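Peer 1: Starting off with a structure, shown below.
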Amino acid sequence: MIDLTGRVVLVTGAAGGIGQATARTLVNAGATVLLHDVRLDALKTLKDELGESAETFEADLSDAAATQQMWDDALAAHGRIDVLINNAGTYPPAPLEQSLEDWTGVWDFSLAVNLVAPAVLCRAAVLAFAKQDLGGIIVNLASRAAFRGEDPEYWHYAAAKAGIVAMTRTIARQYGRQGVTAFAVAPGYVDTPLNQVFKETVGVQVAADQTGLGEVAQPQDVANVLAFLASGLAKHATGTTIDVNGASYVR
Ligand SMILES: NC(=O)c1ccc[n+]([C@@H]2O[C@H](COP(=O)([O-])OP(=O)(O)OC[C@H]3O[C@@H](n4cnc5c(N)ncnc54)[C@H](O)[C@@H]3O)[C@@H](O)[C@H]2O)c1
Numbered sequence: 128m129i130d131l132t133g134r135v136v137l138v139t140g141a142a143g144g145i146g147q148a149t150a151r152t153l154v155n156a157g158a159t160v161l162l163h164d165v166r167l168d169a170l171k172t173l174k175d176e177l178g179e180s181a182e183t184f185e186a187d188l189s190d191a192a193a194t195q196q197m198w199d200d201a202l203a204a205h206g207r208i209d210v211l212i213n214n215a216g217t218y219p220p221a222p223l224e225q226s227l228e229d230w231t232g233v234w235d236f237s238l239a240v241n242l243v244a245p246a247v248l249c250r251a252a253v254l255a256f257a258k259q260d261l262g263g264i265i266v267n268l269a270s271r272a273a274f275r276g277e278d279p280e281y282w283h284y285a286a287a288k289a290g291i292v293a294m295t296r297t298i299a300r301q302y303g304r305q306g307v308t309a310f311a312v313a314p315g316y317v318d319t320p321l322n323q324v325f326k327e328t329v330g331v332q333v334a335a336d337q338t339g340l341g342e343v344a345q346p347q348d349v350a351n352v353l354a355f356l357a358s359g360l361a362k363h364a365t366g367t368t369i370d371v372n373g374a375s376y377v378r
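For what it's worth, the working numbering labels the leading residue of the sequence shown as 128, then goes sequentially.
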């Protein structure tokens, strides 16, 4: 049912857990993938695996100008992008015991990567999609944290992800007539390197026990939802946020 043949999809943070699973899933469904990350070595390994269907783009998303340049380069590769998946994210701790300068420094970095960079790419996508005959699809990675809130050291992350949800809804409401649809996906705990500290200090079982399924999500569980949204089959669900949290937080 999901056929992405001929579709060009930009995936940010493609070297990460969800990013890699998503890239593989999209290519298996026929897409050409433009893979972005700041970790070029890991990206190149993935490109070697995926072959001609993949191209790589490097940028540090904490730099808005570099983010815009990455979009420009990715768009130039095929002259169009059909789907933008804003997947890259960062999860640095900001304990209250830190100095104010250090604490706000983490906020600045987190908001730059988790909210402003996706906004820069959404802006570029809306401008480009409005000129394309078939428009385009935006899929933004939010988080359960946007709705439930997050652990004590991660106010910034919850705030950034709530911003992602509000931004996605705004784009869906304002640019649908120009051929742009926009969706958010809100995972709970997913077994990826992002959760390395939690895994080592608290343990995966604690996260699994919070779900209705008794198990945490794997990257593929999120990738399946991203591929479905990228297919265009969910056009009239534009503006929605799909939870992928195993009923650990039902809203
Ligand atoms: N893993 C989870 O439990 C979980 C839960 C909810 C939401 N999410 C979201 O899903 C998305 C993917 O997360 P993941 O679990 O695959 O994490 P991950 O750490 O495995 O991958 C994230 C990727 O983003 C890249 N990245 C980080 N900072 C960057 C920067 N400054 N510039 C460019 N690239 C940068 C990293 O290099 C990495 O490859 C993120 O937006 C994350 O917030 C994850």
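All residues carry an ideal CB built from backbone N, CA and C; glycine is no exception.
Remember, predicted model here, so these are calculated numbers, not experimental data.
Rounded to a whole number of angstroms, what is the C-alpha to C-alpha distance between Q259 and S270?
Peer 2: Here residue 259 refers to the residue found at position 132 of the sequence shown. Here residue 270 refers to the residue found at position 143 of the sequence shown. Taking the straight line from one Cα to the other gives about 30 Å.
Peer 1: What does DSSP give as the partner residue(s) for H163 in the beta ladder?
Peer 2: Residue mapping note: residue 163 aligns to position 36 of the sequence shown, counting from 1. For H163, which the question treats as bridged, DSSP gives the partners F184.
Peer 1: Out of curiosity, what's the CA-to-CA distance linking D267 and Q196?
Peer 2: Position 140 of the sequence shown holds residue 267. Position 69 of the sequence shown holds residue 196. At residue 267 the sequence reads Asn, which differs from the Asp that was named. If I take the Cα positions, the gap works out to 19 Å.
Peer 1: Please name the residue in E176, G262 and D370 whose C-alpha comes closest to that of T152.
Peer 2: As a first step, residue 152 is located in the sequence shown; it is residue number 25 there, counting from the start. The candidate whose alpha carbon is nearest that of T152 is E176.
Peer 1: Assess contact between the segment 229-243 and the segment 183-201, defined as three or more Cβ pairs (one per stretch) separated by less than 8 Å. Is contact present?
Peer 2: Judged by Cβ distances under 8 Å, the segment 229-243 makes contact with the segment 183-201, as three or more pairs qualify.
Peer 1: Among Y281, A251 and A204, whose alpha-carbon lies nearest the alpha-carbon of L321?
Peer 2: For the purposes of this step, residue 321 is taken as residue 194 along the sequence shown, with counting starting at 1. When each option's Cα is compared against that of L321, the closest is Y281.
Peer 1: Cα separation between G359 and A273?
Peer 2: Position 232 of the sequence shown, counted from the start, is the residue given in the question as residue 359. Position 146 of the sequence shown, counted from the start, is the residue given in the question as residue 273. Taking the straight line from one Cα to the other gives about 25 Å.
Peer 1: What are the start and end residues of the alpha helix (DSSP H) that includes A273?
Peer 2: Reading the sequence shown from its first residue, position 146 is the one you call residue 273. Residues A272 to R275.
Peer 1: Going by DSSP in three states, L170 sits in which element: helix, strand or coil?
Peer 2: In the sequence shown, counting from the first residue as 1, residue 170 sits at position 43. L170 falls in the helix class under three-state DSSP.
Peer 1: Which residue marks the beginning of the alpha helix (DSSP H) containing P346, and which one marks its end?
Peer 2: In the sequence shown, the residue the question calls residue 346 occupies position 219. It spans P346 to A357 - the alpha helix (DSSP H) in which P346 sits, taken as one unbroken run.
Peer 1: For G303, which of helix, strand or coil comes out of DSSP?
Peer 2: To locate residue 303, count along the sequence shown from 1; it is residue 176. Residue state, collapsed to three classes: helix.
Peer 1: Hey, P314 and N372: beta-carbon distance below 8 Å or not?
Peer 2: Taking the sequence shown and counting its residues from 1, the one referred to as residue 314 is at position 187. Taking the sequence shown and counting its residues from 1, the one referred to as residue 372 is at position 245. For P314 and N372, yes; Cβs fall inside 8 Å.
Peer 1: For A142 and K174, I'd like the C-alpha separation in whole angstroms.
Peer 2: As a first step, residue 142 must be located in the sequence shown, where it is residue number 15. As a first step, residue 174 must be located in the sequence shown, where it is residue number 47. C-alpha separation (whole angstroms): 10 Å.
Peer 1: Quick one: measure Cβ to Cβ for A186 and V154, integer angstroms, because I've assumed they're closer than 8 Å.
Peer 2: Taking the sequence shown and counting its residues from 1, the one referred to as residue 186 is at position 59. Taking the sequence shown and counting its residues from 1, the one referred to as residue 154 is at position 27. Actually they are not in contact, since the Cβ atoms of A186 and V154 sit about 21 Å apart, beyond 8 Å.
Peer 1: Would you please state the rounded distance, in angstroms, between the beta carbons of I145 and V349? I believe it to be under 8 Å.
Peer 2: In the sequence shown, counting from the first residue as 1, residue 145 sits at position 18. In the sequence shown, counting from the first residue as 1, residue 349 sits at position 222. Indeed they touch by this definition, with Cβ atoms about 5 Å apart.
Peer 1: Using a Cβ-based criterion (distance less than 7 Å to any ligand heavy atom), does N271 qualify as near ligand 1?
Peer 2: The residue given as residue 271 occupies position 144 in the sequence shown. The sequence given here has Arg at residue 271, not Asn. It does: the Cβ of R271 is within 7 Å (strictly closer) of some heavy atom of ligand 1.
Peer 1: Which residue or residues does DSSP assign as beta-bridge partners of A285?
Peer 2: Here the question's residue 285 lines up with position 158 in the sequence shown. Beta-bridge pairing links A285 to no other residue.
Peer 1: To which residues does DSSP link A309 through a beta bridge?
Peer 2: Counting from one through the sequence shown, the residue named residue 309 turns up at place 182. Partner(s): I265.
Peer 1: Just to confirm before moving on: does the CB-CB distance between A311 and I291 stay below 8 Å?
Peer 2: In the sequence shown, the residue the question calls residue 311 occupies position 184. In the sequence shown, the residue the question calls residue 291 occupies position 164. Yes, they are a contact pair.
Peer 1: Starting from the C-beta of Q225, find all residues in its chain whose C-beta is less than 6 Å away, skip the five residues before and the five after it, and write them out in chain order.
Peer 2: For this step, residue 225 is matched to residue 98 along the sequence shown. Cβ neighbours of Q225 beyond the five flanking positions: none.
Peer 1: CA-CA distance, D199 and G178?
Peer 2: Translated into positions along the sequence shown, residue 199 becomes position 72. Translated into positions along the sequence shown, residue 178 becomes position 51. In a straight line, the C-alpha of D199 is about 22 Å away from that of G178.
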